[in-house]
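Engineer: A single structure is presented below for examination.
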Amino acid sequence: SSQAIPEFIVGGEYEHVEQEEELLVLPRASVDVRSLGLERSRQTAGVLGFITTDMFQISVGGVILLNVVVASQIMLQDNERNVHILKVVETGCLYFYIAEIILRIAHHGYR
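Counting in our numbering, the sequence shown runs from 258 upward without gaps.
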């Protein structure tokens, strides 16, 4: 049986990594991801530059998490007053999403 030697491109060169255990050898393409041109541009200049900051990204994640919890609680609640409060919070999340997409389009441009 043959020993699998995975190949990775590092700086345009193949780098062989020896494996201790025997693995099934599957054909796969070796691609240098830097050649794909997928680098993230961090346009932090301008009035809307805060959109690309880590703090804004964490805030968006927090609102998404809050929305998931609120939506699940709406389904589980029997108390109409609690459901009303949760729906107000859910509507606030919707407004946040709308504002976020408008700000992102204004900052990055419509492509």
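Even glycine gets a Cβ: it sits at the ideal position worked out from N, Cα and C.
The structure displayed is predicted, hence computed values, not measured ones.
Is it true that the segment 320–336 meets the segment 349–358, where meeting means three or more beta-carbon pairs spaced less than 8 Å apart?
Structural biologist: Flag = yes, the segment 320–336 and the segment 349–358 touch.
Engineer: Tell me whether leucine 305 sits in a helix, a strand or coil according to DSSP, three-state version.
Structural biologist: If you number the sequence shown from 1, residue 305 lands on position 48. DSSP places leucine 305 in coil when its eight states are reduced to three.
Engineer: Taking the alpha-carbon positions, what's the aspartate 311 to arginine 338 distance?
Structural biologist: Residue 311 sits at position 54 when you count from the first residue of the sequence shown. Residue 338 sits at position 81 when you count from the first residue of the sequence shown. In a straight line, the C-alpha of aspartate 311 is about 36 Å away from that of arginine 338.
Engineer: Using the Cα positions of threonine 309 and isoleucine 315, report the straight-line distance between them to the nearest angstrom.
Structural biologist: Position 52 of the sequence shown, counted from the start, is the residue given in the question as residue 309. Position 58 of the sequence shown, counted from the start, is the residue given in the question as residue 315. For threonine 309 and isoleucine 315, the distance between alpha carbons rounds to 11 Å.
Engineer: Count the other CB atoms within 10 Å of the CB of leucine 333; is the residue buried (16 or more) or exposed (fewer)?
Structural biologist: On the sequence shown, position 76 is the one that residue 333 refers to. That one is exposed.
Engineer: Find the nearest neighbour of glutamate 347 within the set Asp335, Ala328, Ile362 and Arg361, judged by alpha-carbon distance.
Structural biologist: By 1-based counting over the sequence shown, the position of residue 347 is 90. Of the candidates Asp335, Ala328, Ile362 and Arg361, the one whose C-alpha sits nearest the C-alpha of glutamate 347 is Ala328.
Engineer: Just verifying my parser: in three-state terms, what is the DSSP assignment at tyrosine 354?
Structural biologist: Position 97 of the sequence shown, counted from the first residue, corresponds to residue 354. DSSP places tyrosine 354 in helix when its eight states are reduced to three.
Engineer: Let me make sure I understand the geometry here. Which of Asn324, Ala363 and Val304 has the alpha-carbon closest to that of cysteine 350?
Structural biologist: Here the question's residue 350 lines up with position 93 in the sequence shown. Answer by Cα proximity: Asn324.
Engineer: How many Å lie between aspartate 335 and phenylalanine 353 at the Cα?
Structural biologist: As a working note, residue 335 is residue 78 in the sequence shown. As a working note, residue 353 is residue 96 in the sequence shown. Near 27 Å, if we compare the C-alpha coordinates of phenylalanine 353 and aspartate 335.
Engineer: Return helix, strand or coil for aspartate 335, following the three-state DSSP convention.
Structural biologist: Within the sequence shown, numbered from 1, the residue matching residue 335 stands at position 78. Residue state, collapsed to three classes: coil.
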